[in-house]
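Numbering (mature numbering (1 follows the signal peptide of the UniProt record, and there is no 0)), first residue to last: -47 to -1, 1 to 350.
Virtual Cβ for every residue (Gly too), placed ideally from N, Cα, C.
Reading through the structure tokens given below for one structure.
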């Protein structure tokens, strides 16, 4: 662990190998070894340690993005039974998903289609598409549900969508190849990792302008903000570590060594524990947020990418992109207790469904005409997807 790492690498420094190409190679190698073909944002949490009620647990769903071509999907996993209860068809090679605070809708970025799919989580249908920038990847929603922020990896900017109209109302220039996104619990700041700039852009959501740029390590991939808002965590794919950002000062204050090629990152609801998926070593690093040290390593499936905690923090869901499964981790014992079969899983987020759900639900339906369905005001990493430089993108993306 090192301290005071607020020093970006020199712009223009040549790389031996692009991180997305590295991911593709790593996943392909694992896939061949096991006989396979190569292949959020959560609503804001309180700073106080949460406890999920029985009603909340009954309505809790893990949304898993399946990054397939030409049509991807989002699978809904009932966290009580750890079974897939619905699958929603979306666009080409989806990357990220964020669910609205009221749980009724989700926004899914489709990297090869340059649009965001709007899904209805009650009817399990895709009901609209929203054109954005080139190669949309990361996505977050403000805590009030009013705006959606989308990182466009190929056009070096962020699209801001109004959920009232489901149209882009602003475009914000950021760094080179933006990918991962996170939002502060109060919704005042959006953070964007710029993979080829080795830094993080900080956006003021009141003005939709970049107010700070924070240097991190090599090829920052995904990131998250702790529920208490004090720290942000960034996975640095090529340098095999995690940068810890002090959100009050916008400084990189720690660097924590983890496994090889870290991708996904999530903070437990009590802000005391951080989980990091390591693509090349097929495990999860468990970080103590107080000491900024790795205190455990949990073996999971092949080439893990996304990770998300349940709302009470007792379980964590990890997507294994090269083994067609989602590992369910008991956070008390730090062991995998079951694996849910989902094809080509990538991003994952956990949210509540409104009403007396879940249970077996309708499958994919044809997309409706443009526009959110009536009666609803409105109100989280991938293999083989092209980057703007014509390279192949990988897991974690």
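query = Out of 265, 226 and 20, which has the shortest C-alpha to C-alpha gap to residue 240?
reply = Taking the chain shown and counting its residues from 1, one reaches residue 240 at position 287. Measuring from the Cα of residue 240, the nearest candidate turns out to be 226.
ask   = Does the Cβ of residue 15 have 16 or more other Cβ atoms within 10 Å, making it buried, or fewer, making it exposed?
value = For the purposes of this step, residue 15 is taken as residue 62 along the chain shown, with counting starting at 1. It is buried - the Cβ of residue 15 has at least 16 other Cβ atoms within 10 Å.
inquiry  = Once DSSP output is grouped into helix, strand and coil, what is the label at residue 204?
reply    = Residue numbering aside, residue 204 sits at position 251 when the chain shown is read from its first letter. Residue state, collapsed to three classes: strand.
inquiry  = One question on the structure: do residue 93 and residue 27 come within less than 8 Å of each other, judged by their Cβ atoms?
reply    = On the chain shown, residue 93 is found 140 positions in, with the first residue counted as 1. On the chain shown, residue 27 is found 74 positions in, with the first residue counted as 1. Not in contact: residue 93 and residue 27 (Cβ atoms no closer than 8 Å).
query = residue 229 and residue 220 look like a contact to me (Cβ under 8 Å); what is the Cβ gap, rounded to whole Å?
reply = Stepping through the chain shown from its first residue, residue 229 is reached at position 276. Stepping through the chain shown from its first residue, residue 220 is reached at position 267. The Cβ separation is near 10 Å, so there is no contact.
message = On the DSSP letters alone, give me the boundaries of the beta strand (DSSP E) that residue 29 sits inside.
response = On the chain shown, residue 29 is found 76 positions in, with the first residue counted as 1. Unbroken beta strand (DSSP E) run through residue 29: 26 to 31.
ask   = Since residue 176 sits in a beta bridge, which residues does DSSP pair it with?
value = Looking up residue 176 in the chain shown gives position 223. DSSP output for residue 176 lists 187 as bridge partner(s).
query = residue 283 by DSSP, collapsed to three states: which one?
reply = On the chain shown, position 330 is the one that residue 283 refers to. Strand, per DSSP.
request  = Could you have a look at residue 306 and say whether DSSP puts it in helix, strand or coil?
outcome  = Counted from its first residue, the chain shown places residue 306 at position 353. It is coil, neither helix nor strand.
request  = Rounded to whole angstroms, what's the CA-CA distance from residue 403 to residue 214? Just pull it up for me.
outcome  = Only positions -47 to 350 of the chain appear in the structure, and residue 403 is not among them; the question remains open.
key: Proximal residues to residue 203 (C-beta, below 7 Å), its chain only, five neighbours per side dropped   = Counted from its first residue, the chain shown places residue 203 at position 250. Result list for residue 203: 155, 165 and 167, in chain order.
query = So which of 32, 117 and 87 has the shortest CA-CA distance to residue 97?
reply = Your numbering for residue 97 matches position 144 in the chain shown. Nearest C-alpha to residue 97: 117.
inquiry  = Please classify residue 51 as buried or exposed, where buried requires at least 16 other C-beta atoms within 10 Å of its C-beta.
reply    = For the purposes of this step, residue 51 is identified with residue 98 of the chain shown, where counting begins at 1. With 16 or more Cβ atoms within 10 Å of its Cβ, residue 51 is classed as buried.
Beta carbon of residue 267 nearer than 8 Å to that of residue 301 = If you number the chain shown from 1, residue 267 lands on position 314. If you number the chain shown from 1, residue 301 lands on position 348. Contact: no.
query = For residue 153, which option in 68, 162 and 133 has the closest C-alpha, if you only look at C-alpha atoms?
reply = Here residue 153 refers to the residue found at position 200 of the chain shown. Nearest option by C-alpha distance: 133.
ask   = From residue 32 to residue 13, what distance separates their C-alpha atoms?
value = On the chain shown, position 79 is the one that residue 32 refers to. On the chain shown, position 60 is the one that residue 13 refers to. Taking the straight line from one Cα to the other gives about 6 Å.
request  = Specify, as a first and last residue, the run of the beta strand (DSSP E) that residue 232 falls within.
outcome  = Taking the first residue of the chain shown as 1, we reach residue 232 at position 279. Looking at the DSSP string, residue 232 is not in any beta strand (DSSP E), and its letter there is neither H nor E.
key: DSSP bridge partner residues for residue 48 (one or two, in chain order)   = Position 95 of the chain shown, counted from the start, is the residue given in the question as residue 48. Looking at the DSSP assignment, residue 48 forms no beta bridge with any residue, so it has no partner.
Whole-number beta carbon distance between residue 41 and residue 72, since they are thought to touch under 8 Å = The residue you call residue 72 lines up with position 119 of the chain shown. The residue you call residue 41 lines up with position 88 of the chain shown. Right, their Cβ atoms sit about 5 Å apart.
inquiry  = Given this structure, state the Cα-to-Cα distance separating residue 216 from residue 148, to the nearest angstrom.
reply    = Numbered from its first residue, the chain shown carries residue 216 at position 263. Numbered from its first residue, the chain shown carries residue 148 at position 195. Rounded to the nearest whole angstrom, the CA to CA distance from residue 216 to residue 148 is 12 Å.
query = Nearest-angstrom Cα distance between residue 242 and residue 194?
reply = Residue numbering aside, residue 242 sits at position 289 when the chain shown is read from its first letter. Residue numbering aside, residue 194 sits at position 241 when the chain shown is read from its first letter. Between residue 242 and residue 194, the C-alpha separation is close to 14 Å.
ask   = Distance, Cα to Cα, residue 280 vs residue 292?
value = The residue given as residue 280 occupies position 327 in the chain shown. The residue given as residue 292 occupies position 339 in the chain shown. Straight-line Cα distance between these residues: approximately 5 Å.
request  = Identify, in the order they occur along the chain, each residue of the same chain with its Cβ nearer than 6 Å to the Cβ of residue 21, setting aside the five sequence neighbours on each side.
outcome  = Here residue 21 corresponds to residue number 68 of the chain shown, with the count starting at 1. These residues qualify, in order along the chain: 297.
request  = For residue 200, collect the residues of the same chain with a Cβ closer than 8 Å to its Cβ; drop the 5 residues on either side in sequence, then sort them by chain order.
outcome  = The sequence position of residue 200 within the chain shown is 247, counting from 1. Counting only residues of its own chain and dropping the five nearest sequence neighbours on each side, residue 200 has a CB closer than 8 Å to the CB of 137, 142, 178, 182, 183, 184 and 185.
request  = Rank 145, 79, 74 and 81 by C-alpha distance to the C-alpha of residue 106 and give the top, closest one.
outcome  = Residue mapping note: residue 106 aligns to position 153 of the chain shown, counting from 1. The option with the nearest alpha carbon to residue 106 is 145.
request  = Name the residue from 305, 237 and 306 whose alpha carbon lies nearest to the alpha carbon of residue 283.
outcome  = In the chain shown, residue 283 corresponds to position 330, counting from 1. Ranking the options by Cα distance to residue 283, first place goes to 237.
query = CA-CA distance, residue 173 and residue 249?
reply = In the chain shown, the residue the question calls residue 173 occupies position 220. In the chain shown, the residue the question calls residue 249 occupies position 296. Spanning the two alpha carbons is a distance of roughly 23 Å.
task = Can you say whether residue 122 is buried or exposed, counting buried as having 16 or more other CB atoms within 10 angstroms of its CB?
result = The count along the chain shown starts at 1 and reaches residue 122 at position 169. Exposed, by the Cβ-count rule.
query = Are residue 114 and residue 103 closer than 8 Å when you measure CB to CB?
reply = By one-based count along the chain shown, residue 114 stands at place 161. By one-based count along the chain shown, residue 103 stands at place 150. The answer is yes: Cβ separation under 8 Å.
message = Considering just the uninterrupted stretch of the beta strand (DSSP E) at residue 296, what are its terminal residues?
response = The sequence position of residue 296 within the chain shown is 343, counting from 1. Careful: residue 296 lies outside any beta strand (DSSP E) and carries neither H nor E.
query = residue 290: buried (16+ other C-beta within 10 angstroms of its C-beta) or exposed?
reply = Counting from one through the chain shown, the residue named residue 290 turns up at place 337. Exposed, by the Cβ-count rule.
ask   = Helix, strand or coil: which one does DSSP assign to residue 149?
value = Position 196 of the chain shown, counted from the first residue, corresponds to residue 149. Here residue 149 sits in coil by DSSP.
inquiry  = Does residue 213 come out as helix, strand or coil in the three-state DSSP assignment?
reply    = Walking along the chain shown from the start, residue 213 turns up at place 260. In this structure, residue 213 counts as coil in the three-state DSSP scheme.
key: Distance, residue 207 Cα to residue 245 Cα   = Numbered from 1 along the chain shown, position 292 holds the residue referred to as residue 245. Numbered from 1 along the chain shown, position 254 holds the residue referred to as residue 207. One alpha carbon belongs to residue 245, the other to residue 207, and they sit about 8 Å apart.
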